[in-house]
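Colleague:
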Amino acid sequence: MKNWPLWEVFIRSKNGLSHKHVGSLHATDEVMAMENARDVYTRRMEGVSIWVVKSEYITASNPEEAGELFEPAQDKVYRHPTFYDLPDELKHI
Amino acid sequence: MKEQLIQYIVRLGDDSMILGHRLSELCGHGPALEIDMALTNISLDLFGQTRNYFTYAAELEGKGRTEDDFAYKRDIREFGNVLLTEQPNDDFAYVIARQFFFDSYHLPFLERLKNSKDERLAAIAAKSFKEVSYHLRFSTEWMKRLGGGTDESHSRLQTAVTDLWDYVGEMWQETDLDKELNQAGFAPDLKEVAKEAKAHIQDVLAEANIQAPDSTWSHSGGKKGIHSEHMGFILSDFQWMQRTYPNMEW
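Chains as they are written, first to last, in the working numbering: chain A, 1 to 93; chain B, 1001 to 1250.
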């Protein structure tokens, strides 16, 4: 059982939203991974859709490179669309 | 007919409750966290069904009994679950084979119970049907996995199937109660249920490369309250609190 590969689980909580990472689990194949995800992560009505991905297929950024990857964005507030005056008639923005 | 209907509904509850109890024994003891939770989920589904059946039976009876009275205050001869459901968790292969045989019967049974003349019973069946669709999917996948897995998983599953085989036929053995309620439009025709169940069992055993014994002989008695030696132990565990401290509440 220790040899069972690790899978990452993504759940969409309702239609229209995107899938969100909720955790991981062990399973021998994709069918078992899907069943295990259902049994472990959707017991309390957490979702309407599940994705499972073998953890080995996920390429993660290196925490040591956080400086060069993320810090340059810190002083570029103009990238946020918060500098416009919106007319009052516009809703849901 | 009301008397018979109550008896029938309680019997359906007994199947779900005793199998649910067997699965609940594995809570915290599953072979892996994921499987532990899967089996516990199935157990909880079955207990939910039990409550629906017992609550309805108590209402029909109208004598002030509750679901708990049916669960905790009946003696062994009054339980009508099939013998398969009370068979022990000898190993994981037994757990899966027992579940697979029961689910293979349970799903086509509920599919037909949805058409019961009794609306409440039909509604309980419709809700349970969705749960049991998943149970059958789970146990079927595990049959294939164990059957096609290692030499050890295959031989253990073969042993479990051979040992449990003689308990399978009871599920579709018609008692007078089954026939009577079927003719009155309340209950499914077990011959039809058997046809569908047997076909599924045969397909999956073939795919799992497991030999089904030739025998068509089957134990019987559970439906009429004559149980295997395991049942007394189940009830002494299950009913201990109520028997020791009558009418205690949580």
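C-beta atoms are modelled at their ideal positions from N, C-alpha and C, and glycine is treated no differently.
Note that the coordinates shown come from a computational prediction; the quantities given were computed from them, not determined experimentally.
Which one or two residues does DSSP pair with L6 of chain A in a beta bridge?
Modeller: DSSP output for L6 of chain A lists A:H26 as bridge partner(s).
Colleague: Indicate the three-state DSSP secondary structure (helix, strand or coil) for S1215 of chain B in the structure shown.
Modeller: It is coil, neither helix nor strand.
Colleague: Return the first residue and the last residue of the beta strand (DSSP E) that S1236 of chain B is part of.
Modeller: First-last for S1236 of chain B: 1230-1238, but that is the alpha helix (DSSP H), not the beta strand (DSSP E).
Colleague: Cβ of A1038 of chain B less than 8 angstroms from any chain A Cβ?
Modeller: Answer yes: the Cβ-Cβ gap between A1038 of chain B and chain A drops below 8 angstroms somewhere.
Colleague: Using only CA atoms, which one of A:W51, A:A37, A:S24, A:T28 lies nearest to S18 of chain A?
Modeller: If we check each option's Cα against that of S18 of chain A, A:W51 comes out closest.
Colleague: May I ask which residues mark the beginning and end of the alpha helix (DSSP H) holding I1018 of chain B?
Modeller: Note, I1018 of chain B: alpha helix (DSSP H), 1002-1024.
Colleague: What is the rounded straight-line gap between the Cα of V22 of chain A and the Cα of N36 of chain A?
Modeller: Looking at the two C-alpha atoms, the distance is approximately 13 angstroms.
Colleague: Can you tell me whether V1010 of chain B is buried or exposed, with buried defined as 16 or more other CB within 10 angstroms of its CB?
Modeller: Label assigned to V1010 of chain B: buried.
Colleague: Within the 8 angstroms Cβ cut-off, does N1041 of chain B reach chain A?
Modeller: By this cut-off, N1041 of chain B is an interface position.
Colleague: Counting contacts by CB-CB distance shorter than 8 angstroms, is H26 of chain A in contact with chain B?
Modeller: Interface residue, yes.
Colleague: Beta-carbon separation of L993 of chain B and F1101 of chain B under 8 angstroms?
Modeller: Nothing about residue 993 of chain B can be read from this structure; chain B reaches only from 1001 to 1250.
Colleague: What are the complete alpha helix (DSSP H) segments, minimum 4 residues, inside the segment 1062-1099 of chain B?
Modeller: Complete alpha helix (DSSP H) runs here, min 4: 1067-1072, 1083-1086.
Colleague: Looking at V1193 of chain B and M1143 of chain B, is the spacing between their C-beta atoms short of 8 angstroms?
Modeller: No, Cβ-Cβ distance for M1143 of chain B and V1193 of chain B is not below 8 angstroms.
Colleague: Please list, in chain order, the chain A residues whose beta carbon lies closer than 9 angstroms to that of E1141 of chain B.
Modeller: Result: V31, M32, E35.
Colleague: Check whether the segment 1200-1215 of chain B touches the segment 1059-1071 of chain B, counting contact only when three or more Cβ pairs, one atom from each stretch, lie closer than 8 angstroms.
Modeller: As far as the Cβ criterion goes, the segment 1200-1215 of chain B does not touch the segment 1059-1071 of chain B, which means the pair count is below three.
Colleague: Following the continuous beta strand (DSSP E) through K1179 of chain B, name the residue where it begins and the one where it ends.
Modeller: It is not in any beta strand (DSSP E) - K1179 of chain B instead sits in the alpha helix (DSSP H) that spans 1176-1183.
Colleague: So if I threshold CB-CB distances at 7 angstroms, which residues from the segment 44-55 of chain A count as touching chain B?
Modeller: Against chain B - using a Cβ distance shorter than 7 angstroms - the segment 44-55 of chain A contributes no residues.
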